[in-house]
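Q:
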Amino acid sequence: KLFVSSKKYIGDETVISIESREKLGKEFGISPVTARLIRNREVIGEAAFERYLYGSLKDLYDPHLLKDADRLTDILKVKIEEQKPIRIIGDYDIDGVMSTYILYRGIQHCGGNVSTQIPDRMKDGYGINENLIDQAKRDGMDTILTCDNGIAAISEIAHAKELGMTVLVTDHHEIPYTEENGEKQFLRSNADAIVNPKQRECAYPFKELCGAAVAWKVLQVLYEKMGFALEETYEFLENVAFATVGDVMDLTDENRILVKEGLNRIHRTKNPGMRALIFQNHLEPEQINAYHFGFVLGPCINASGRLDTAKLSLSLFLQGEEEAAKTARELVELNQQRKDMTADGVEEAKRVVEEHYMSDKVLVIYLPQVHESLAGIIAGRIREAYHKPVFVLTKAEEGVKGSGRSIEEYSMYEELCKCRELLEKFGGHPMAAGLSLPEENVDKFREKINACANLTEDDLIPKIKIDIPMPAAYADAGLIREFAVLEPFGKANIKPQFADKNLSITKAFVVGKNQNVLRLNLLTAAGEAVSAAYYAEKYGSAEVEKAFRGQINKLRIMIVYYPEINEYNGVESVQVIIRNYQ
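The opening position of the sequence shown corresponds to residue 939 in this note's numbering, with each subsequent residue numbered one higher.
Below, the structure is given as structure tokens:
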């Protein structure tokens, strides 16, 4: 069939009166439609509206509110002044690379004796570990400073302390805990200072910073104590924004400001590595938006940590123009290789699911031959295909490693805590997690994680959230341009979605370089003509054939869409991009 859907369409339940919309629109110089869209994003009250629309660096929260920020920077200041060797240990994804870069350049600027180490995904695994600690000790390091990791490294940090090292932790991941009699007992390492906004005792008002943002906040406090102007930290905003989008953080509150400010700066970036990466992807700095961070540039940085070493990505941002051009080319090639390998892995994962596990509420897919670095990407694609929590496990040098991607109704980290006796190591967020376990526990893990799952059938139905039911012909070019005030788009601040129903198709034709765009001429229930485009693979049925020939047909569709301005041969026209249909 052409129009089949197992999705649930949900209109936004926010109630905002016409009077309120018109008042907010008049006050802020926007249309009532835009005012409603902003309110739909849980922005309540005039002060919150103003922060959403016009929030700037002066609206950022005080970094001193971060628990241990002053303690950590007091220690770091002494270490810098005494020229004690400091080893930064980051992580192999975009957030870890950006965090490492920010702290390395910042401590260098303060005159510190600093070096970096990023774990090898295959050899070391995630975050700080005893191998890296022992290496730091052999290299004569006095202090270890973590970024984007360390909060769960209880035994590893204990080992570093036994060796007489100072350990400073900056992180943003969930705080590890054990559960006894239904009560959570949160765990804390004996690091000398821990900065993580998710700590229960932390007074910082926004908990959803990425690792790079936490590192940057710490650097702000350090610069203040070292006598440098706060404005000197702003050169790193492009890196904070890159990591915030790349690590799929909520683009709300402070993150929204950080990404907006970072994008403004990346449009005129002076970093040779950043410029080389942009040019190698056939873009210009002034074109870059949040989409490019998440889906074009970011995957190139992550590819090195997956298939080679993330040290390559870090080196990109430390190089001059000639070297950076070469490194950027290598990263783009690695990313293309990663794409091809991922496509093969996704197909194999789908085959395994459909042959063995379709009835499971939580999919645990063991793919021994798949490169372990691709497990998370494949898990994400399978989650999209089946709308279920997914763990993809692969054969590692020792045992089995894997990554999970979840749905909103299922807290992955909390569910893994219920299976901790089967696992060697795990950590993460409600929506994503990493784990390792013995191969003989794979089937036991699949059984227990499903036995513990309290997911209902309704939970497993994909939900398409709609902002406003709005006639497809309503938006004009002026309103579409106004929607730019809602950017940057991303997690928790997605592009608006509108819906219209009872549209008839007067003409359908396939276009595009790869013949993968279906262009439609539609007629609304009120008789207004609408141009639409939908990106897909196959269409069929007799009525559709009539539509392709421009003949009268019985097709009537409901669409979820976003309007945009299409420019062709210098002529602008309004069209809608169909996201879903029924």
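Virtual Cβ for every residue (Gly too), placed ideally from N, Cα, C. Since the structure is predicted, the reported quantities are computational estimates derived from the model, not experimental observations.
Let's test the definition: count the other Cβ atoms within 10 Å of the Cβ of residue 1220 and tell me whether it reaches 16, buried, or not, exposed.
A: Your numbering for residue 1220 matches position 282 in the sequence shown. When all chains shown are included, residue 1220 counts as exposed.
Q: Return the bridge partner residues of residue 1113 from the DSSP annotation.
A: For the purposes of this step, residue 1113 is identified with residue 175 of the sequence shown, where counting begins at 1. Answer is none; residue 1113 lacks a bridge partner.
Q: Residue range of the beta strand (DSSP E) that residue 1509 falls in?
A: For the purposes of this step, residue 1509 is identified with residue 571 of the sequence shown, where counting begins at 1. Start and end: 1509–1519.
Q: What residues in its chain sit with their C-beta under 6 angstroms from that of residue 1290, if we drop five residues either side in the sequence?
A: The sequence position of residue 1290 within the sequence shown is 352, counting from 1. Closer than 6 angstroms at Cβ, skipping near neighbours: 1303.
Q: Answer yes or no: do residue 1179 and residue 1215 have a C-beta to C-beta separation smaller than 7 angstroms?
A: On the sequence shown, position 241 is the one that residue 1179 refers to. On the sequence shown, position 277 is the one that residue 1215 refers to. Result no, Cβ atoms of residue 1179 and residue 1215 do not sit closer than 7 angstroms.
Q: Report the residue from 1204, 1264, 1025, 1169 whose alpha carbon sits nearest the alpha carbon of residue 1106.
A: For the purposes of this step, residue 1106 is identified with residue 168 of the sequence shown, where counting begins at 1. Minimum Cα distance to residue 1106 is reached at 1025.
Q: If you reduce the DSSP assignment to three classes, tell me which class residue 1123 lands in.
A: Within the sequence shown, the letter at position 185 stands for residue 1123. Residue 1123 falls in the strand class under three-state DSSP.
Q: With distances taken Cα to Cα, identify the nearest neighbour of residue 1365 among 1328, 1335, 1227, 1087.
A: Working through the sequence shown from its first residue, we reach residue 1365 at position 427. The shortest Cα separation from residue 1365 among 1328, 1335, 1227, 1087 belongs to 1087.
Q: Tell me which residues share the same chain as residue 1227 and place their Cβ nearer than 6 angstroms to its Cβ, disregarding the 5 neighbours each side in the sequence.
A: The count along the sequence shown starts at 1 and reaches residue 1227 at position 289. For residue 1227, where only same-chain residues beyond five positions count, there are no Cβ hits under 6 angstroms.
Q: Considering Cα atoms alone, identify which of 1342, 1074, 1254, 1066 is closest to residue 903.
A: Only positions 939 to 1520 of the chain appear in the structure, and residue 903 is not among them; the question remains open.
Q: Starting from residue 1401, trace the beta strand (DSSP E) in both directions and tell me its first and last residue.
A: Within the sequence shown, residue 1401 is the residue found at index 463, counting from 1. Element bounds for residue 1401: 1401–1404.
Q: For residue 1038 and residue 1014, I'd like the C-alpha separation in whole angstroms.
A: Against the sequence shown, residue 1038 aligns to sequence position 100. Against the sequence shown, residue 1014 aligns to sequence position 76. In a straight line, the C-alpha of residue 1038 is about 15 angstroms away from that of residue 1014.
Q: I need the DSSP call for residue 1469, collapsed to helix, strand or coil.
A: By one-based count along the sequence shown, residue 1469 stands at place 531. It is a strand residue.
Q: Using 8 angstroms as the Cβ pair cut-off and three pairs as the minimum, do the stretch 1150–1160 and the stretch 1028–1046 touch?
A: Result yes; three or more Cβ-Cβ pairs closer than 8 angstroms.
Q: Using a Cβ-Cβ cut-off of 6 angstroms (strictly less than) and excluding sequence neighbours within five positions of residue 1284, which residues of its own chain qualify?
A: By one-based count along the sequence shown, residue 1284 stands at place 346. Taken in chain order, the residues that qualify are 1316, 1319.
Q: Locate the beta strand (DSSP E) running through residue 1502, then write down its first and last residues.
A: Locating residue 1502 in the sequence shown gives position 564, counting from the first residue. Element bounds for residue 1502: 1494–1506.
Q: Name the DSSP beta bridge partners of residue 1137, please?
A: Here residue 1137 refers to the residue found at position 199 when the sequence shown is read from its first residue. For residue 1137, which the question treats as bridged, DSSP gives no partner whatsoever.
Q: Let's test the definition: count the other Cβ atoms within 10 Å of the Cβ of residue 1249 and tell me whether it reaches 16, buried, or not, exposed.
A: Taking the first residue of the sequence shown as position 1, residue 1249 is located at position 311. By the 10 Å Cβ count, residue 1249 comes out buried.
Q: Output yes or no for whether 7 angstroms exceeds the beta carbon distance between residue 1097 and residue 1068.
A: Within the sequence shown, numbered from 1, the residue matching residue 1097 stands at position 159. Within the sequence shown, numbered from 1, the residue matching residue 1068 stands at position 130. It is a contact, given that the beta carbons lie within the stated cut-off.
Q: Rounding to the nearest angstrom, what Cα-Cα distance links residue 1259 and residue 1268 in this structure?
A: Position 321 of the sequence shown, counting from 1, holds the residue named residue 1259. Position 330 of the sequence shown, counting from 1, holds the residue named residue 1268. Approximately 14 angstroms, taken between the alpha carbons.
Q: For residue 1049, count neighbouring Cβ atoms within 10 angstroms of its own Cβ and tell me buried if that reaches 16, exposed if not.
A: Along the sequence shown, one-based indexing puts residue 1049 at 111. Counting Cβ neighbours within 10 Å, residue 1049 comes out exposed, since fewer than 16 surround it.
Q: Of the choices 1292, 1158, 1145, 1182, whose alpha-carbon is the least far from that of residue 1171?
A: Residue 1171 sits at position 233 when you count from the first residue of the sequence shown. Closest by alpha carbon: 1158.
Q: Residue 1415 to residue 1045, Cα distance in whole Å?
A: For this step, residue 1415 is matched to residue 477 along the sequence shown. For this step, residue 1045 is matched to residue 107 along the sequence shown. Computed Cα separation, rounded: 48 angstroms.
Q: Is residue 1429 helix, strand or coil when you go by DSSP?
A: The count along the sequence shown starts at 1 and reaches residue 1429 at position 491. In the structure shown, residue 1429 sits in coil (DSSP, three-state: anything other than H, G, I, E or B).
Q: What span of residues does the alpha helix (DSSP H) with residue 1198 cover, start to end?
A: Within the sequence shown, residue 1198 is the residue found at index 260, counting from 1. Unbroken alpha helix (DSSP H) run through residue 1198: 1191–1204.
Q: Should residue 1446 be labelled buried (16 or more other beta-carbon atoms within 10 Å of its own) or exposed?
A: Here residue 1446 refers to the residue found at position 508 of the sequence shown. So residue 1446 counts as buried.
Q: Shortest alpha-carbon distance to residue 1516 belongs to which of 1299, 1434, 960?
A: Against the sequence shown, residue 1516 aligns to sequence position 578. Of the listed residues, the one whose Cα sits closest to residue 1516 is 1434.
Q: In the stretch 1216–1257, which residue ranges form an unbroken alpha helix (DSSP H) of at least 4 residues, counting only runs that do not cross its ends?
A: Segments of the alpha helix (DSSP H) lying fully in the stretch 1216–1257: 1236–1245, 1249–1254.
Q: For the structure I just gave you, are there three or more beta carbon pairs, one from the stretch 1369–1389 and one from the stretch 1400–1410, closer than 8 angstroms?
A: Flag = no, the stretch 1369–1389 and the stretch 1400–1410 do not touch.
Q: Residue 1094 to residue 1156, Cα distance in whole Å?
A: Position 156 of the sequence shown, counted from the start, is the residue given in the question as residue 1094. Position 218 of the sequence shown, counted from the start, is the residue given in the question as residue 1156. When rounded, the distance between both Cα atoms is 23 angstroms.
Q: What's the call for residue 1128, buried or exposed, on a 16-neighbour Cβ count within 10 Å?
A: Position 190 of the sequence shown, counted from the start, is the residue given in the question as residue 1128. The residue is exposed, with fewer than 16 neighbouring Cβ atoms inside 10 Å.
Q: Using 7 angstroms as the threshold, is the C-beta distance between residue 1468 and residue 1457 below it?
A: Locating residue 1468 in the sequence shown gives position 530, counting from the first residue. Locating residue 1457 in the sequence shown gives position 519, counting from the first residue. Cβ distance not < 7 angstroms, so residue 1468 and residue 1457 don't count as in contact.
Q: Might you give, ordered along the chain, the residues of its own chain that have their beta carbon closer than 6 angstroms to the beta carbon of residue 1394, omitting 5 neighbours on each side?
A: Start at 1 with the first residue of the sequence shown, and residue 1394 comes out as number 456. Excluding positions up to five away in sequence, the list is empty.
Q: Apply the 10 Å Cβ neighbour rule to residue 1199 and answer buried if 16 or more other Cβ atoms are within range, or exposed otherwise.
A: Taking the sequence shown and counting its residues from 1, the one referred to as residue 1199 is at position 261. Its Cβ being crowded by 16 or more others within 10 Å, residue 1199 is buried.
Q: Just how far apart, CA to CA, sit residue 1308 and residue 1333?
A: Your numbering for residue 1308 matches position 370 in the sequence shown. Your numbering for residue 1333 matches position 395 in the sequence shown. The alpha-carbon atoms of residue 1308 and residue 1333 are separated by roughly 8 angstroms.
Q: Ends of the beta strand (DSSP E) at residue 1364?
A: One-based indexing of the sequence shown puts residue 1364 at position 426. Note, residue 1364: beta strand (DSSP E), 1363–1366.
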